[in-house]
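If you're matching them up, the sequences are chains H and R in order.
Numbering-wise, the numbering used here puts 252 at position 140 of the first sequence, and it's gapless, one number per residue.
Numbering-wise, the numbering used here puts 225 at position 113 of the second sequence, and it's gapless, one number per residue.
For glycine and all other residues, C-beta sits at the position ideal for the given N, C-alpha and C.
Worksheet: one structure, shown below.
There are 2 protein chains.
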Amino acid sequence: MTPDYIKTPEGYAYKYPRAAMTADAVIFGFDGYELQVLLIQRGIEPYKGRWAFPGGFMRMDETIEECAVRELHEETGLLSPYMQQLGIFSDVDRDPRGRIVTTAFYALVKMESVVGQDDAMDARWFPLSAVPALAFDHDHILRVALKRLREDLHFRPIGFELLPQKFSIPQLQRLYEALLEIHFDRRNFQKKMLATGILIELGEKDPTARHRAGTLYSFNKEQYDKMKHDGTLRLEF
Amino acid sequence: MTPDYIKTPEGYAYKYPRAAMTADAVIFGFDGYELQVLLIQRGIEPYKGRWAFPGGFMRMDETIEECAVRELHEETGLLSPYMQQLGIFSDVDRDPRGRIVTTAFYALVKMESVVGQDDAMDARWFPLSAVPALAFDHDHILRVALKRLREDLHFRPIGFELLPQKFSIPQLQRLYEALLEIHFDRRNFQKKMLATGILIELGEKDPTARHRAGTLYSFNKEQYDKMKHDGTLRLEF
DNA sequence: ATGTTTTGTGTAGATTTTACGCAAATGTGT
DNA sequence: ACACATTTGCGTAAAATCTACACAAAACAT
Numbered sequence: 113m114t115p116d117y118i119k120t121p122e123g124y125a126y127k128y129p130r131a132a133m134t135a136d137a138v139i140f141g142f143d144g145y146e147l148q149v150l151l152i153q154r155g156i157e158p159y160k161g162r163w164a165f166p167g168g169f170m171r172m173d174e175t176i177e178e179c180a181v182r183e184l185h186e187e188t189g190l191l192s193p194y195m196q197q198l199g200i201f202s203d204v205d206r207d208p209r210g211r212i213v214t215t216a217f218y219a220l221v222k223m224e225s226v227v228g229q230d231d232a233m234d235a236r237w238f239p240l241s242a243v244p245a246l247a248f249d250h251d252h253i254l255r256v257a258l259k260r261l262r263e264d265l266h267f268r269p270i271g272f273e274l275l276p277q278k279f280s281i282p283q284l285q286r287l288y289e290a291l292l293e294i295h296f297d298r299r300n301f302q303k304k305m306l307a308t309g310i311l312i313e314l315g316e317k318d319p320t321a322r323h324r325a326g327t328l329y330s331f332n333k334e335q336y337d338k339m340k341h342d343g344t345l346r347l348e349f
Numbered sequence: 113m114t115p116d117y118i119k120t121p122e123g124y125a126y127k128y129p130r131a132a133m134t135a136d137a138v139i140f141g142f143d144g145y146e147l148q149v150l151l152i153q154r155g156i157e158p159y160k161g162r163w164a165f166p167g168g169f170m171r172m173d174e175t176i177e178e179c180a181v182r183e184l185h186e187e188t189g190l191l192s193p194y195m196q197q198l199g200i201f202s203d204v205d206r207d208p209r210g211r212i213v214t215t216a217f218y219a220l221v222k223m224e225s226v227v228g229q230d231d232a233m234d235a236r237w238f239p240l241s242a243v244p245a246l247a248f249d250h251d252h253i254l255r256v257a258l259k260r261l262r263e264d265l266h267f268r269p270i271g272f273e274l275l276p277q278k279f280s281i282p283q284l285q286r287l288y289e290a291l292l293e294i295h296f297d298r299r300n301f302q303k304k305m306l307a308t309g310i311l312i313e314l315g316e317k318d319p320t321a322r323h324r325a326g327t328l329y330s331f332n333k334e335q336y337d338k339m340k341h342d343g344t345l346r347l348e349f
């Protein structure tokens with residue numbers, strides 16, 4: 113097969129002009145009270161000094177998903193988080209460097225898994241209420257990601273990705289309430305959540321509780337997959 | 113701003129290699145009995161003679177959405193259908209011509225709006241049960257599109273995009289049953305659908321009915337938008 | 001006219017959701 | 001040690017919704 117490009121002194125030449133492709137990751141975390149976003153401070157122009165999502169250019173030997181995973185690891189140390197395609201953003205003038213099209217991903221991580229980060233990296237968590245003006249069209253991407261996260265939370269068990277391995281139902285409820293900005297009745301939430309059958313009771317107590325400690329649970333992925341497969345699952349929050 | 117490319121005798125040269133970008137549209141229609149897909153027969157290699165989704169290369173002065181709309185119009189005559197991003201497909205070897213990344217869209221159209229098509233175009237509707245082996249990774253894209261269509265149908269009023277302006281509730285039910293491959297109780301379906309409040313009764317009868325004709329309705333988009341905005345909407349089918 | 005198919009409406013019983021009562025567990029202050 | 005506030009776990013009655021049908025009217029075929 114002939115290659116689709118010609119190598120010239122000036123670089124890789126194509127018959128028609130091409131856009132460059134990047135992947136960016138909107139990383140969400142939860143600190144127990146508020147939704148958090150992981151941002152990187154840009155060290156070079158354009159938008160030097162501004163905060164942006166971790167991301168970078170796609171190589172010729174990797175898919176856009178592999179690119180997102182690689183850049184995320186390089187820039188934040190994170191490995192294999194829960195990650196989903198969010199969408200492609202291709203406005204002609206979204207990047208001052210030229211025609212650069214990005215695929216945004218949204219990722220959910222347990223904040224505890226990022227604490228031991230290299231201090232040299234300019235990565236920082238921002239609570240959603242204090243996110244600064246971002247580089248490129250990342251403000252727009254963030255709004256789309258938030259909308260998607262809230263929609264998905266209603267009928268996918270993604271809340272567990274943001275909590276520690278072991279969590280209590282009240283913790284889970286605080287997560288839902290913070291993300292969806294609504295209030296659930298404490299007792300009905302517990303009943304409904306346990307009724308899904310995708311929680312494993314651990315018989316331990318939440319050591320961080322200030323008063324009576326809640327029972328700790330973990331997410332039963334096997335049971336979830338099984339119930340999803342044969343359609344007996346009843347989510348919807 | 114300096115351009116991000118250099119024009120050479122060989123074409124457009126970039127410092128690093130770049131993938132080409134295309135948009136492809138999975139067009140769904142409904143004939144009253146079965147879900148249909150609009151395909152184009154390829155006239156050139158690769159995959160000459162095989163069927164594929166309409167689509168083509170993105171220009172430097174258009175977004176990927178504009179590209180999808182343009183290619184769709186050029187290849188099928190369709191204008192402004194209901195169209196949504198499906199996802200980006202970037203497997204390294206998905207196209208034998210080289211590194212070509214595609215963004216797939218899924219579109220819903222009223223089949224009546226495509227009937228007067230130019231006969232010279234090699235576009236044809238295929239019932240889902242008779243779709244041939246497709247070019248590139250389009251088989252895979254079709255499976256993803258179907259999954260997405262079925263998910264969306266549960267809580268978005270997209271069924272209306274596939275039916276004529278005026279339709280009866282039994283027609284709508286046949287659509288839901290064909291797409292989701294499940295059976296609804298006729299009387300409960302009617303009640304629930306009317307209870308949403310997003311249908312306008314037209315006071316006319318379905319002229320295509322073979323026995324007692326159903327009452328015709330149209331989709332009340334204003335009411336839908338209003339109810340969606342203030343959260344009083346109750347869909348879920 | 002009579003039978004068949006299809007649509008429109010109603011209703012009883014089962015199920016689910018909602019709103020809230022109450023007791024147990026745990027930290028705080030005296 | 002004891003009263004008190006806060007939080008969790010469980011239960012229950014009433015309201016709302018869903019499910020499974022019954023029945024009659026409309027329209028075509030013979």
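Check	Outcome
Paired residues, beta bridge with P239(H) - DSSP	Q148(H)
Three-state secondary structure assigned by DSSP to Q277(H)	coil
Which listed residue (P158(R), L147(R), G210(R) and R171(R)) has its alpha carbon closest to that of Y128(H)	R171(R)
Proximal chain H residues relative to I118(R), where beta-carbon distance stays under 8 Å	E122 and G123
Local conformation of K222(R) per DSSP, three classes	coil
Integer-rounded CB distance, given that I253(H) should sit under 8 Å from F169(H)	About 17 Å; that fails the 8 Å criterion.
CB contact below 8 Å: I176(R) versus chain H	yes
Cross-strand partners of I118(R) (DSSP beta bridge)	A125(R)
Whole-angstrom distance between R262(R) and H295(H), CA atom to CA atom	30 Å
Any chain H beta carbon closer than 8 Å to M195(R)	no
Between the CA atoms of V181(H) and V138(H) - distance to the nearest angstrom	12 Å
Beta carbon proximity, A180(R) to chain H, threshold 8 Å	no
CB contact flag (Q197(H), T215(H), <8 Å)	yes
C-beta neighbour in chain R for P129(H), strict 8 Å	yes
Where the beta strand (DSSP E) containing Y329(H) begins and where it ends	T327 to F331
Residue burial classification, E183(H) (beta-carbon count within 10 angstroms, cutoff 16)	buried
When A325(H), P319(H), H185(H) and A164(H) are compared against V226(H), the one with the closest alpha-carbon	H185(H)
Span separating the alpha-carbon of E177(R) from that of A135(R)	8 Å
For F248(R) and A307(R), believed in contact at Cβ under 8 Å, the rounded distance	Actually they do not touch by this definition, with Cβ atoms about 44 Å apart.
For K304(R), the first and last residue of its enclosing alpha helix (DSSP H)	R298 to A307
Nonlocal neighbours in the same chain, by C-beta distance under 8 Å from I212(R), ignoring five residues either side	A131, A132, M133, T134 and R206
Nonlocal neighbours in the same chain, by C-beta distance under 8 Å from Y336(H), ignoring five residues either side	P269, I310 and L345
Cβ of A132(H) within 8 Å of any chain R Cβ	yes
Inter-residue CB distance, E348(R) and F267(R) (contact presumed, cutoff 8 Å)	6 Å
Rounded separation between L314(H) and K338(H) - CA only	20 Å
Supposed contact pair P193(H) and V221(H) - C-beta distance, whole angstroms, cut 8 Å	5 Å
F272(R) - DSSP class collapsed to helix/strand/coil	helix
Closer than 8 Å at the beta carbon, the chain H residues around T308(R)	Residues of chain H passing the Cβ test: none, with the nearest at roughly 17 Å.
Where M339(H) falls: helix, strand or coil (DSSP)	helix
Neighbour flag for D264(R) against chain H, beta carbons, 8 Å	no
Rounded straight-line distance, which links the Cα of K333(R) to that of P158(H)	42 Å
Sequence-distant residues of its chain with Cβ nearer than 6 Å to H250(H) (five each side left out)	A164 and F165
For Y218(R), the nearest candidate out of D203(R), G210(R), R255(R) and D234(R) (CA to CA)	R255(R)
Proximity of Y145(R) and Y126(H) at Cβ, strictly below 8 Å	no
Supposed close pair L328(R), K278(R) - CB separation, criterion 8 Å	4 Å
CB contact flag (D116(H), R209(R), <8 Å)	yes
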